[in-house]
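**Q** Residue numbers for the sequence shown follow full-length UniProt numbering, beginning at 1 and rising by one.
The structure is given below, and queries will be raised subsequently.
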Amino acid sequence: MNKILQFLFAFSFCLCITVIFFIGWSIIDEWIVFFDYGWNWNEYTATPIILWDIFFDNMLTILVITTCITSIGFFLYHYREKKIKSEL
1 MNKILQFLFA
11 FSFCLCITVI
21 FFIGWSIIDE
31 WIVFFDYGWN
41 WNEYTATPII
51 LWDIFFDNML
61 TILVITTCIT
71 SIGFFLYHYR
81 EKKIKSEL
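Written out as structure tokens, the structure is:
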């Protein structure tokens with residue numbers, strides 16, 4: 001497989017995992033706020049709006065984390081592959 005396609009596949013996979021992490025983290029955070037405020041949860045009832053805000057508030061963070069993890073993993077994979085070929 002082409003290295004560019006491998007990188008894009010790894011990047012998209014890592015992006016999905018990071019987005020799922022941020023969504024889960026925000027849901028846990030909102031439930032903590034819910035239990036702190038009890039049933040007076042007027043401004044926190046719009047869960048789709050809260051989830052939509054995650055992508056705007058944390059878009060740069062998500063992209064930086066995803067790029068770093070993917071680049072490190074991609075480098076280590078190809079370094080190991082090159083090292084194995086040189087030992088043969």
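Ideal placement from N, C-alpha and C gives every residue a C-beta, glycine not left out.
Keep in mind that this is a model prediction, so the values were computed, not measured.
Return the first residue and the last residue of the alpha helix (DSSP H) that residue 63 is part of.
**A** Taken as a continuous stretch (DSSP letters only), the alpha helix (DSSP H) holding residue 63 covers 59 to 87.
**Q** Using 8 Å as the threshold, is the C-beta distance between residue 7 and residue 70 below it?
**A** Result yes, Cβ atoms of residue 7 and residue 70 sit closer than 8 Å.
**Q** Do residue 19 and residue 62 come within 8 Å of each other at the CB atom, strictly closer than that value?
**A** It is a contact, given that the beta carbons lie within the stated cut-off.
**Q** Exposed or buried, what is residue 14 when buried is set at 16 or more other beta-carbons lying within 10 Å of its beta-carbon?
**A** Per the 10 Å Cβ criterion, buried.
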